Amino acid sequence: MTMHKFTIPVGPQHPALKEPESFLVTLSGEKIMKFSARLGYNHRGIEKACEERTYTQDVYLTERICGICSHSHSTCFVQAVEEIAGAVVPNRALYIRTIIAELERIHSHLLWLGVAGHEVGFDTLLMYTWRDRELVMDILALTTGNRVNYGINTIGGVRRDLTSDQIKKTLNAMDKLEERTKYYIQIATEETTLIKRLSGVGVLSHKDAVKLGAVGPTARASGVDRDVRRDDPYAAYDQIKFKVITDNHNDVYGRTLVRMGELMECYNMIRQLLKNLPEGPITVKVPRKIPAGEATSRYEAPRGEDVHYVKSNGTEKPERVKVRAPTLANIQTVAKMLEDRQLADLPIVIAAIDPCFSCTDRLTVLKDSDSGKKRVMKWEDLHHYSIEWHLKHGVDFSGLNSKLSAKLAKVK
Amino acid sequence: MSKEEEILQALVKKFGFLENRIKTQRPRRILADVDIGNFKTLLDYAVKELRFPILLTMTGLDEGEKIAVIYHMASEDGCILNIRTAIAKVNPSLKTITDIFPNADIYERELEDLLGIKVDGLAPGNRYPLPDGWPAGEYPLRKDWKKNKEKVGDDHA
């Protein structure tokens with residue numbers, strides 16, 4: 001008996017998707033026979049909008065292409081403009097850009113690990129990683145003034161310097177995060193249920209990854225040894241040592257291992273950068289009008305390679321800005337990953353390429369329901385309030401790792 | 413000799429049509445300008461012989477009389493070869509390169525939607541990135557295009 005085929009729409013709004021994309025999935029029973037994607041629901045016409053704005057305005061506009069890889073896009077853009085203008089960016093600025101870049105990678109990868117946990121029904125992992133992610137969010141807020149959309153870049157350098165206090169706090173956070181990441185690596189390599197749920201799911205062979213132009217951790221988990229930070233270095237990447245993490249599992253499990261390996265590299269890179277942070281200015285003056293020219297800029301964003309092309313015409317507005325974000329390259333591999341797979345694997349397979357979605361909320365205006373009086377709670381107040389609230393309800397989040405090891409020791 | 417200089421020399425030696433039409437933009441960046449008739453020859457050679465196996469993306473540019481398309485190609489060791497070609501703005505059309513790069517599909521659909529280039533040989537599929545109700549003949553990345561509420565409607569303006 002042949003099974004009747006059904007075609008079901010998933011998205012553009014769907015509980016299993018975190019962002020608007022529409023997929024048409026043809027099923028035979030539970031098995032996926034055909035998969036097609038319709039993108040563009042988030043198209044905001046930013047390339048056209050860039051042509052109508054000045055270069056300085058475009059730094060902020062490109063930063064808003066993505067809510068997570070925001071620094072990736074603004075850096076990729078300013079690099080192209082600086083190349084055309086012939087600006088020699090001070091080394092200290094390049095270091096600071098690289099530090100923020102790797103902090104952004106930490107926040108992005110921890111966020112992904114939580115989402116991946118959630119998609120496979122391991123919500124404890126989501127709670128843990130997102131709790132730990134707050135450490136890096138705090139450092140980003142401390143050093144740049146914002147949790148996302150850092151506004152650190154400007155054409156010719158960066159807008160804020162690092163103080164010795166910030167450096168100290170960042171190094172402390174790296175130690176804590178490293179300890180926690182080691183714990184997650186232990187879970188991922190020893191916890192059988194997680195390994196079994198992720199292994200053999202969303203398979204993308206090395207050959208297909210190359211053929212379909214996969215980028216970032218998606219490609220590297222299929223043994224594609226490509227990373228722009230090493231291959232076509234920008235910012236301060238040619239001045240530090242790091243390993244490009246690859247894996248040959250070719251599946252969601254491999255993608256998890258690659259991202260966790262990259263987290264460990266991030267901590268080392270940030271330590272090197274902070275230790276060797278050169279003295280000097282953080283910006284060089286670049287004229288508002290950029291001479292006619294063109295440049296192609298690349299950047300290894302947390303999700304993979306980001307490409308910007310900028311053409312100038314001698315005015316203060318660009319002639320053309322072209323952006324290729326990593327998800328556009330990776331979404332083309334999803335159909336291959338889902339071939340002959342079960343429908344239940346769809347959410348984690350899509351999530352495993354780490355498609356982009358935005359977040360952030362940092363200032364809340366509260367209105368007292370009785371008096372109608374408004375008061376403003378800043379981020380620190382909210383943070384403090386949340387800890388106090390949990391303490392009052394008998395939940396103490398402090399020193400979780402030490403409590404856990406004490407508990408484990410007792411069991412043994 | 414630097415990597416990009418070697419590639420440039422090899423290309424000039426092989427193809428007479430690149431004489432004075434190819435340059436290094438900076439370390440690891442080469443820009444070659446070719447007529448549309450020679451484009452495929454150069455692309456094939458770059459992929460097979462010069463080992464530029466990666467298509468980063470494609471950029472379309474409205475240059476007034478013509479529409480230019482840049483194919484951004486990359487090698488494993490970090491070089492980019494930008495191959496630029498131009499086509500007429502009246503009924504512009506290109507041949508697909510999805511036979512070599514299946515990932516060109518989405519980039520070519522983007523050229524169709526935003527610049528109105530017809531890409532021959534592209535498999536049937538969804539448009540990208542404009543919405544389904546977008547009016548025909550409206551190409552936002554053309555320089556003379558302006559937002560027009562009457563044409564594209566409130567939802568899209």
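Heads up: the protein sequence lines correspond to chains A and B, in order.
Quick note on numbering: the first sequence equals residues 1 to 412 in this note's numbering.
Quick note on numbering: the second sequence equals residues 413 to 569 in this note's numbering.
Beta carbons: idealized from backbone N, C-alpha and C, even for Gly.
Quick caveat: nothing in here was measured; it's all calculated off a predicted structure.
Opening and closing residue of the beta strand (DSSP E) in which residue i lies
i: Gly304/A; result: 304-312
i: Gly114/A; result: It is not in any beta strand (DSSP E) - Gly114/A instead sits in the alpha helix (DSSP H) that spans 91-119.
i: Val136/A; result: No beta strand (DSSP E) holds Val136/A; the alpha helix (DSSP H) holding it covers 123-144.
i: Ala9/A; result: The sequence shown places Pro at residue 9/A, not Ala. Element bounds for Pro9/A: 5-10.
i: Thr296/A; result: 293-301
i: Ala500/B; result: 492-500
i: Thr26/A; result: 22-28
i: Ile187/A; result: Here Ile187/A belongs to no beta strand (DSSP E); instead the alpha helix (DSSP H) covers 164-190.
i: Leu454/B; result: Leu454/B -> not in any beta strand (DSSP E); alpha helix (DSSP H) instead, spanning 448-460.
i: Ile32/A; result: 31-38
i: Val531/B; result: 530-532
i: Leu506/B; result: 505-507
For residue j and residue i, believed in contact at Cβ under 8 Å, the rounded distance
i: Val136/A; j: His107/A; result: 5 Å
i: Arg92/A; j: Pro281/A; result: 7 Å
i: Ala352/A; j: Val252/A; result: 4 Å
i: Gly40/A; j: Tyr540/B; result: 5 Å
i: Lys5/A; j: Leu27/A; result: 7 Å
i: Ala500/B; j: Lys478/B; result: 6 Å
i: Leu162/A; j: Leu103/A; result: Not confirmed; about 11 Å, so no contact.
i: Ile187/A; j: Leu194/A; result: 7 Å
i: Gly200/A; j: Met337/A; result: Wrong, their Cβ atoms sit about 11 Å apart, outside the cutoff.
i: Ala16/A; j: Val286/A; result: In fact, because the Cβ distance is near 45 Å, the residues do not count as touching under 8 Å.
i: Leu111/A; j: Arg133/A; result: 6 Å
i: Glu316/A; j: Lys289/A; result: 5 Å
i: Ile99/A; j: Leu273/A; result: 5 Å
i: Glu294/A; j: Ile84/A; result: 7 Å
i: Leu454/B; j: Phe427/B; result: 7 Å
i: Ile270/A; j: Thr170/A; result: 7 Å
i: Ala221/A; j: Asn268/A; result: That pair is no contact at about 20 Å.
Own chain, CB closer than 7 Å to residue i, minus 5 neighbours either side, in chain order
i: Phe357/A; result: Since pLDDT at Phe357/A reaches only 38, below the 50 mark, its modelled position is unreliable, and no value is offered.
i: Asp414/A; result: An answer regarding residue 414/A cannot be provided, because it is not within the stretch 1 to 412 covered by chain A.
i: Gly157/A; result: Val89, Pro90, Ala93, Ile282, Thr283, Val284
i: Gln166/A; result: Leu142, Thr143
i: Val215/A; result: Gly304, Glu305, Pro326, Ala329, Asn330
i: Glu522/B; result: Tyr540, Pro541
Own chain, CB closer than 8 Å to residue i, minus 5 neighbours either side, in chain order
i: Ser386/A; result: none
i: Leu61/A; result: Ile46, Ala49, Cys50, Arg53
i: Pro462/B; result: Residue identity differs from the one stated: residue 462/B is Leu in this sequence, not Pro. Ile419, Ala422, Leu423, Ser487, Leu493.
i: Val481/B; result: Met470, Thr471, Gly472, Leu473, Arg496, Thr497, Ala498, Ile499, Leu506, Leu523, Ile529
i: Glu339/A; result: Ile32, Phe35
i: Val531/B; result: Ser505, Leu506, Lys507, Thr508, Glu520, Arg521, Leu523, Glu524
i: Met260/A; result: His109, Leu113, Thr181, Tyr184, Ile185, Ala188
i: Asp361/A; result: Caution is warranted here: a pLDDT of 37 is assigned to Asp361/A, below 50, making its placement in the model unreliable, and the coordinate value is therefore given only provisionally. Nothing listed; no residue qualifies.
Own chain residues within Cβ distance below 6 Å of residue i, not counting five before or after
i: Leu391/A; result: none
i: Ser418/A; result: Outside the shown range of chain A (1 to 412) lies residue 418/A, about which nothing can therefore be said.
i: Lys31/A; result: none
i: Phe451/B; result: Thr497
i: Gly528/B; result: Tyr551
i: Glu300/A; result: Asp227, Val228, Arg229
i: Ala335/A; result: Phe35
i: Leu534/B; result: Thr508, Glu520
Beta-ladder partner(s) of residue i, from DSSP
i: Asp474/B; result: Ile479/B
i: Arg324/A; result: Val307/A
i: Gly157/A; result: Thr154/A, Thr283/A
i: Met485/B; result: Leu467/B, Leu493/B
i: Arg438/B; result: Arg441/B
i: Gln342/A; result: Lys31/A
Start-to-end residues for the alpha helix (DSSP H) that takes in residue i
i: Glu63/A; result: 55-63
i: Ala516/B; result: 516-527
i: Tyr234/A; result: That residue, Tyr234/A, is in no alpha helix (DSSP H); it is neither H nor E in DSSP.
i: Ser386/A; result: 379-392
i: Ser405/A; result: 400-411
i: Leu346/A; result: 346-352
i: Met413/B; result: First-last for Met413/B: undefined, no H or E at that position.
i: Glu431/B; result: No alpha helix (DSSP H) contains Glu431/B, which DSSP labels as neither H nor E.
i: Gln79/A; result: 70-85
i: Ser216/A; result: It should be pointed out that residue 216/A corresponds to Gly in this sequence rather than to Ser. Its alpha helix (DSSP H) spans residues 216-220.
Residue i Cβ short of 8 Å to the ligand SAM heavy atom set
i: Gln57/A; result: Of the ligands one can find in the structure shown there are none, so the ligand SAM has no counterpart to examine.
Item checked: Three or more C-beta pairs below 8 Å linking the region 120-138 of chain A and the region 71-81 of chain A -> No, the region 120-138 of chain A is not in contact with the region 71-81 of chain A.
Check: Can at least three beta-carbon pairs, one atom from the region 220-240 of chain A and one from the region 177-195 of chain A, be found at a separation below 8 Å?
Finding: no
Next item on the list: Evaluate contact between the region 237-244 of chain A and the region 135-149 of chain A, counting only Cβ atoms and requiring at least three cross-stretch pairs below 8 Å.
Entry: no
Next item on the list: Check whether the region 463-473 of chain B touches the region 437-446 of chain B, taking contact to mean three or more Cβ pairs, one atom from each stretch, closer than 8 Å.
Entry: In short, these stretches do not touch, since the Cβ pair count stays below three.
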